[in-house]
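Here's the structure we're looking at; comments come further down.
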Amino acid sequence: MRRALIALSLGLGIGFLGACGNKAEADSTTAWCVLFSVDENNAELPEPVPCQFSQRQGNVTVSFDQQLYEFAASEQGKTYRRDNHSTGIGFTREDDFTLVVFWEDPRQQ
31 MRRALIALSL GLGIGFLGAC GNKAEADSTT AWCVLFSVDE NNAELPEPVP CQFSQRQGNV
91 TVSFDQQLYE FAASEQGKTY RRDNHSTGIG FTREDDFTLV VFWEDPRQQ
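Quick note: the sequence shown uses this note's numbering, first residue 31, plus one each step.
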C-alpha cells in the first residue's frame, strides 16, 4: 500500500511539473500592422495589413509582407521604445520606423 501511495505521489508530482513547464509557451495571434517609415513624408496613413504577432517572455516577433521584426525584452529602452495600449502595441526605432500592431482591424474601430 505504501509503495502504491509513493508511486501515485511521484506520478502526480511529475504531472504537475510537466504542466508548469508549459508556462513558457509563446503567445501568438494574427493581428493588423501599420509600418511608418521615417523616410516617408506621406500625408496618408499606410494601409493596415494582416500580420503575425508572437511574444515569449517579453520578446516580441512580428512578421508580415515577408519581413520579420524582432524586439528583445532586454533591448527595450535601448534600441527601441515600446508603447502598450488597449488596442495594440507600438514599437519605435528612432530614425528608422514605427511599427504599430493592432489587435483588431483599425478600419473597423
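Glycine is no exception: its CB is placed at the ideal position from the N, C-alpha and C atoms.
On a predicted model such as this, the values are computed, not experimentally measured, just so you know.
Residue environment, residue i, which counts as buried when at least 16 other CB atoms sit within 10 Å
i	result
Pro80	exposed
Leu65	buried
Leu129	buried
Continuous beta strand (DSSP E) stretch holding residue i: start and end
i	result
Gln97	97–101
Gly88	Where Gly88 is concerned, there is no enclosing beta strand (DSSP E), given that its DSSP letter is neither H nor E.
Ser67	57–67
Gly120	118–123
Asp113	111–115
Leu129	127–132
Straight-line Cα distance separating residue j from residue i
i	j	result
Thr91	Arg137	23 Å
Gln82	Val131	9 Å
Phe127	Ser84	19 Å
Phe121	Asn114	9 Å
Glu70	Asp57	32 Å
Leu98	Glu74	24 Å
Pro78	Glu124	21 Å
Lys108	Glu100	14 Å
Contacts around residue i, its chain only, beta-carbon distance under 6 Å, and the 5 residues preceding and following it disregarded
i	result
Ala103	Gly88, Asn89
Cβ neighbours of residue i in the same chain (closer than 7 Å, five flanking residues each side left out)
i	result
Pro76	Val64, Leu65, Phe66
Gln106	Arg112
Val68	Asp125, Asp126, Phe127
Same chain, Cβ closer than 8 Å to residue i, neighbours up to 5 away in sequence not counted
i	result
Thr117	Phe132, Trp133, Glu134, Pro136, Gln139
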